[in-house]
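Numbered per our numbering, the sequence shown spans residues 23 to 647.
Report on one structure; see the data block that follows.
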Amino acid sequence: MRITELLRKETIALDLQAESKSAVIDELVSVLDKSGNLQDASQFKKAILNRESQSTTGIGEGIAIPHAKTTAVKSPAIAFGKSKAGIDYESLDGAPAHLFFMIAATDGANQTHLEALSRLSSILMNADVRKELLNAATKEEVLEIINLHDKEEEEEPVSEETSTGGGKVLAVTACPTGIAHTYMAADALKAKAKELRIDLKVETNGSGGAKNVLTSADIENAAAIIVAADTKVEMNRFKGKPVIEVPVAEAIRKPQELLDKAAKKDAPLYSGGKSESETEDEGTEKKQRTGFYKHLMNGVSNMLPFVVGGGILIAISFLFGIQSANPDHAEYNEFAAMLNKIGGANAFYLMVPVLAGFIAMSIADRPGFAPGMVGGLIAATGQSGFLGGIIAGFLAGYVVLGIKRLTNNFPAALEGIKPVLIYPLLGIFITGFIMLQFLVEPLSAVNSGVQNWLDGLGTGNLVLLGLILGGMMAVDMGGPINKAAFTFGIAMIEGGNLAPHAAIMAGGMVPPLGLALATTFFKKKFKDNERKAGIAAYFMGASFITEGAIPFAAADPFRVIPSIVTGSAVAGALTMAFGIGLPAPHGGLFVFPVVEGNPFFYLLAVLIGSVITALMVGLLKKPVQ
23 MRITELLRKE TIALDLQAES KSAVIDELVS VLDKSGNLQD ASQFKKAILN RESQSTTGIG
83 EGIAIPHAKT TAVKSPAIAF GKSKAGIDYE SLDGAPAHLF FMIAATDGAN QTHLEALSRL
143 SSILMNADVR KELLNAATKE EVLEIINLHD KEEEEEPVSE ETSTGGGKVL AVTACPTGIA
203 HTYMAADALK AKAKELRIDL KVETNGSGGA KNVLTSADIE NAAAIIVAAD TKVEMNRFKG
263 KPVIEVPVAE AIRKPQELLD KAAKKDAPLY SGGKSESETE DEGTEKKQRT GFYKHLMNGV
323 SNMLPFVVGG GILIAISFLF GIQSANPDHA EYNEFAAMLN KIGGANAFYL MVPVLAGFIA
383 MSIADRPGFA PGMVGGLIAA TGQSGFLGGI IAGFLAGYVV LGIKRLTNNF PAALEGIKPV
443 LIYPLLGIFI TGFIMLQFLV EPLSAVNSGV QNWLDGLGTG NLVLLGLILG GMMAVDMGGP
503 INKAAFTFGI AMIEGGNLAP HAAIMAGGMV PPLGLALATT FFKKKFKDNE RKAGIAAYFM
563 GASFITEGAI PFAAADPFRV IPSIVTGSAV AGALTMAFGI GLPAPHGGLF VFPVVEGNPF
623 FYLLAVLIGS VITALMVGLL KKPVQ
């Protein structure tokens with residue numbers, strides 16, 4: 023089937039009126055609906071938007087290929103639209119899109135339709151085709167350009183004479199719909215491999231099934247395998263081989279980087295179920311999602327509901343008076359005492375055990391949970407705080423892993439008692455024994471030492487500490503550095519020192535608030551979608567959700583990150599200089615009434631930091647063209 027049997031004159035719009043991504047989608051859906059290709063336009067649009075929510079179909083180089091495979095399509099079709107001025111389509115390269123191909127595939131699209139759609143994706147990888155389409159003046163000219171390049175191309179592997187050697191590189195590409203990105207990723211890799219003289223074979227997992235399937239001989243002799251996929255791919259066949267796993271869009275954007283890593287075998291070995299390597303580099307993307315950080319974040323994220331819920335209840339109790347929970351004080355209030363008890367004696371009491379339990383569970387799965395909880399409880403009652411809880415979690419997790427390995431060869435008849443008897447009994451005993459006999463006392467001493475050091479700091483040193491803690495909150499906006507500062511602040515609240523967390527909350531509020539101000543006062547420096555995100559950033563900043571700054575930082579890290587770190591550091595330093603303390607671990611502006619010291623000075627510190635961030639962003643960013 024020719025592509026022009028799906029792309030016809032009535033589905034071409036040479037001069038799109040749309041000025042935004044959503045308007046482009048609406049206009050092209052309307053073109054397909056008027057041409058009689060859709061059963062239900064609203065359902066088809068919903069399917070298009072669902073695909074966009076998974077990852078943008080603005081692939082860069084001025085092209086966007088929104089697509090969907092759904093029962094809302096009556097007959098397969100392609101709509102083409104062109105915008106000379108360009109439209110912000112949230113493309114992978116951040117540049118405006120000019121050429122738009124909306125693909126409508128029926129839920130049971132036959133093989134010939136799917137092959138034609140996949141060929142279109144491949145054709146668009148050709149820069150000459152894109153240039154010709156952009157300059158096309160008539161619908162007939164568009165169809166002629168597509169027809170000229172619509173040919174079946176046989177795969178041409180690099181010959182032995184041109185290959186760099188070191189073994190063939192294999193790749194698998196797959197996207198959720200299997201129509202566009204699957205083939206564009208494959209073509210980008212093949213084109214770059216030819217240029218780099220790398221012998222490459224690519225398996226495409228499209229809607230019509232897998233093509234050019236990798237054989238066991240291919241895999242056995244491969245240097246490495248690139249898996250560029252946003253959907254499930256059969257992975258166990260790659261066990262023991264270096265495997266690079268990335269989203270399908272990465273193969274379109276960075277084919278050379280992926281091929282270079284594969285040729286050098288710079289990838290973790292796949293061990294079945296997940297990629298691991300005894301020699302993997304700390305800088306690899308995979309490393310960031312595994313190991314210490316992954317286990318710690320599992321504990322912290324599961325602990326946060328106790329922190330937020332319990333902390334805000336304690337803060338509300340303080341509104342009745344700092345001593346409102348003390349029955350021997352004149353400020354005593356029965357309702358406030360109840361809030362304080364729920365939040366402090368119960369929710370807060372569980373924080374460290376939950377932290378340790380979920381760290382251990384991340385390491386050793388469900389058998390690690392009980393030993394981790396018990397180890398965390400020993401840390402909490404032994405005054406070794408969060409540091410003790412973290413150590414207890416890792417200790418319990420690896421103890422249970424050790425027990426699992428030691429009991430691997432137990433008779434099959436005993437398999438049923440391992441999870442209900444052997445793992446909890448030995449895990450709890452060994453973890454508890456080590457914690458009580460060797461760790462609680464020294465960790466408690468370390469905790470007390472940190473408290474005493476903070477209590478003994480002079481004003482100048484406190485300001486420096488506030489500067490560091492505030493800046494840490496903005497460096498990675500919710501990442502490990504941010505979480506390390508946050509966890510330290512909670513530990514200090516638990517120990518009775520309220521100043522560090524005041525600097526931490528101020529530093530965490532500044533990035534989204536500062537960027538929101540920048541989008542308001544420096545509108546020409548931001549795209550339309552960023553200005554809209556700025557409105558949401560006001561609320562996220564006010565609620566102490568630092569992650570509200572991430573979209574801005576991701577789009578322009580070299581200008582945004584220094585600006586937010588500076589503003590946050592200044593805010594943190596000012597809270598220390600103003601002598602502010604904060605008993606509530608979360609809540610942002612909503613817990614300002616309970617600050618120790620002058621709450622207006624605290625607001626002033628956050629405002630000054632936010633204004634500094636906004637001014638720096640406004641001065642550093644270039645106007646949007």
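Quick reminder that beta carbons are idealized off the backbone N, C-alpha and C, glycines included.
Please read all numbers here as calculations on a predicted model, not as lab measurements.
Original post:
For D350 and chain B, any beta-carbon pair shorter than 8 Å?
Top reply: As a matter of chain content, chain B is missing from the structure shown, which is built from one protein chain.
Subject >> CB-CB length for F328 against M373, believed under 8 Å >> reply: 5 Å
**OP:** Look up G103 in the DSSP assignment and give the residues it is bridged to.
**Re:** A35, F122
Subject >> Nearest neighbour of H15, chosen from L36, G365, E463, A402 [CA to CA] >> reply: Nothing about residue 15 can be reported from this structure: the residues present for the chain run from 23 to 647 only.
**OP:** State the beta-bridge partners of N227 as determined by DSSP.
**Re:** A232
**OP:** Just confirm the distance between the C-beta atoms of A369 and G397, as a whole number of angstroms; I'd bet it's less than 8 Å.
**Re:** Incorrect: roughly 20 Å between the Cβ atoms, too far for contact.
Subject >> Cβ-based burial, A239 [other Cβ within 10 Å; buried from 16] >> reply: exposed
**OP:** Check whether the segment 549 to 558 touches the segment 449 to 463, taking contact to mean three or more Cβ pairs, one atom from each stretch, closer than 8 Å.
**Re:** no
Original post:
Taking Cβ to Cβ, would you say L491 is nearer than 8 Å to A513?
Top reply: no
Subject >> CA-to-CA distance, K106 to R30, given in whole angstroms >> reply: 21 Å
Subject >> Collapsed DSSP secondary structure at A659 in the structure displayed >> reply: Absent from the model: residue 659. The displayed extent of the chain is 23 to 647, so no value can be given.
Original post:
Between the Cα of G108 and the Cα atoms of V617, K549, S585, A559, which residue gives the shortest distance?
Top reply: K549
**OP:** Compare the beta carbon distance of G589 and G631 with 8 Å and say whether it is the shorter of the two.
**Re:** yes
Original post:
If we ignore side chains and look at the alpha-carbon of each, how far apart do V376 and N324 end up?
Top reply: 7 Å
Subject >> 8 Å contact criterion, which V265 and V249 should meet: CB distance rounded >> reply: With 8 Å as the limit, V265 and V249 qualify as a contact, their Cβ atoms being about 6 Å apart.
Original post:
Quick check: the segment 49 to 62 against the segment 87 to 105, are there 3 or more CB pairs under 8 Å?
Top reply: These segments touch.
Subject >> Buried or exposed (CB count within 10 angstroms, at least 16 for buried), F432 >> reply: exposed
**OP:** Report the rounded CA-to-CA distance for K308 versus D115, giving the unit in angstroms.
**Re:** With a pLDDT of only 40 at K308, under the threshold of 50, the placement of this residue in the model should not be trusted; the figure read from the coordinates follows. Spanning the two alpha carbons is a distance of roughly 23 Å.
Original post:
So is S42 buried or exposed if we call it buried at 16+ other beta carbons inside 10 Å?
Top reply: exposed
Original post:
Helix, strand or coil: which one does DSSP assign to T588?
Top reply: helix
**OP:** Indicate the three-state DSSP secondary structure (helix, strand or coil) for I25 in the structure shown.
**Re:** helix
Original post:
Between the Cα of K643 and the Cα atoms of A86, A540, F561, which residue gives the shortest distance?
Top reply: A540
Subject >> Own chain partners of I34 with C-beta closer than 7 Å, once the 5 adjacent residues on each side are dropped >> reply: F102, K161, V164
**OP:** Measure the alpha-carbon distance for M360 versus F340 and round it to whole angstroms.
**Re:** The straight-line gap from Cα to Cα measures roughly 12 Å.
Subject >> Span of the alpha helix (DSSP H), counted from its first residue to its last, around T542 >> reply: 521 to 543
Subject >> Spatially closest choice to V462 from L484, T509, M495, T403, by CA coordinates >> reply: V462 has its Cα closest to that of T403, out of L484, T509, M495, T403.
Original post:
If you pair each beta-carbon of the segment 207 to 221 with each one of the segment 140 to 150, do three or more pairs fall below 8 Å?
Top reply: yes
Subject >> Alpha carbon of L291 to alpha carbon of K261, nearest angstrom >> reply: Roughly 7 Å separates the two Cα atoms.
Subject >> CA-to-CA distance, L596 to P621, given in whole angstroms >> reply: Rounded to the nearest angstrom, the two C-alpha atoms are 13 Å apart.
**OP:** Can you say whether A352 is buried or exposed, counting buried as having 16 or more other CB atoms within 10 angstroms of its CB?
**Re:** exposed
Subject >> Beta-carbon gap between P605 and L520 smaller than 8 Å >> reply: yes
Subject >> Rounded C-alpha distance that separates P579 from V639 >> reply: 11 Å
Original post:
Where does V393 land, buried or exposed, given buried means 16+ other C-beta within 10 angstroms?
Top reply: The question names Val, yet the displayed sequence has Pro at residue 393. Buried.
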